[in-house]
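Engineer:
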Amino acid sequence: MERIVIDTNVYVDWLNEGQHEAILFQREAVKYLSAVVLMELSAGAFSARDRRLVREVTSAFAKVGRIVVPTVAIYEEAGDVLRRLQESRGYTVASAYGLVNDVLIALSARSIGATVITQNERDFVAIQTIRPFKLALVPHA
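See the structure below:
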């Protein structure tokens with residue numbers, strides 16, 4: 023069965039507008055939660071309802087041991103990817119650092135053989151040119 027890591031933007035659309043339920047609740051794939059996505063969701067959960075939903079999502083993944091946490095090796099690899107984005111793709115230091123979370127999500131998913139599901143084509147495709155990983159793009163609603 024395919025493994026997937028769902029990016030923050032897909033969860034945000036679900037939390038705010040009920041979109042992407044077919045992706046979030048599909049039975050054809052084994053879903054993992056990136057610890058980086060958890061951090062981003064928590065940072066944007068301003069209402070009590072949103073904080074409760076983030077806790078519920080986190081709890082469901084924690085119960086089955088499917089939270090992916092970047093290792094030291096992944097952080098080292100992420101530094102290499104960010105440097106190479108600056109060298110070969112013309113990113114500035116600031117714009118490369120703006121990709122830190124996305125690089126960590128991509129490399130963490132890669133480490134478990136999972137596909138990243140996202141709407142963020144620009145950043146993840148740029149990362150993919152430096153370090154290949156499985157990527158599936160979700161169209162914007």
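Sequential numbering of the sequence shown, starting at 23, is according to the numbering used here. Even glycine gets a Cβ: it sits at the ideal position worked out from N, Cα and C.
What is the residue span of the alpha helix (DSSP H) that residue 51 lies within?
Structural biologist: Taken as a continuous stretch (DSSP letters only), residue 51 belongs to no alpha helix (DSSP H), being part of the beta strand (DSSP E) at 51-56.
Engineer: In the DSSP output, what is residue 159 paired with across the bridge?
Structural biologist: DSSP, once it has assigned bridges, lists 140 as partnering residue 159.
Engineer: Counting only the same chain and skipping the five closest in sequence on each side, list residues whose C-beta sits under 7 angstroms from that of residue 63.
Structural biologist: 30, 33, 76, listed in sequence order.
Engineer: Is the stretch 91-99 touching the stretch 116-129, taking contact as three or more C-beta pairs under 8 angstroms?
Structural biologist: Enough Cβ pairs lie closer than 8 angstroms, so yes.
Engineer: With H, G and I counted as helix, E and B as strand and the rest as coil, what does DSSP make of residue 134?
Structural biologist: Looking at residue 134 - three-state DSSP - the assignment turns out to be coil, as it is neither helix nor strand.
Engineer: What would DSSP say about residue 115, mapped onto helix, strand or coil?
Structural biologist: Helix.
Engineer: To the nearest angstrom, report how far apart residue 155 and residue 72 are at their CA atoms.
Structural biologist: About 30 angstroms.
Engineer: On the criterion of 16 or more Cβ atoms from any shown chain inside 10 Å, does residue 114 qualify as buried, or is it exposed?
Structural biologist: It is exposed - the Cβ of residue 114 has fewer than 16 other Cβ atoms within 10 Å.
Engineer: For my contact list, residue 143 and residue 121 are in at a C-beta cut-off of 8 angstroms; report their separation, rounded to the angstrom.
Structural biologist: Actually they do not touch by this definition, with Cβ atoms about 13 angstroms apart.
Engineer: Put residue 90 into one of helix, strand or coil per three-state DSSP.
Structural biologist: Strand.
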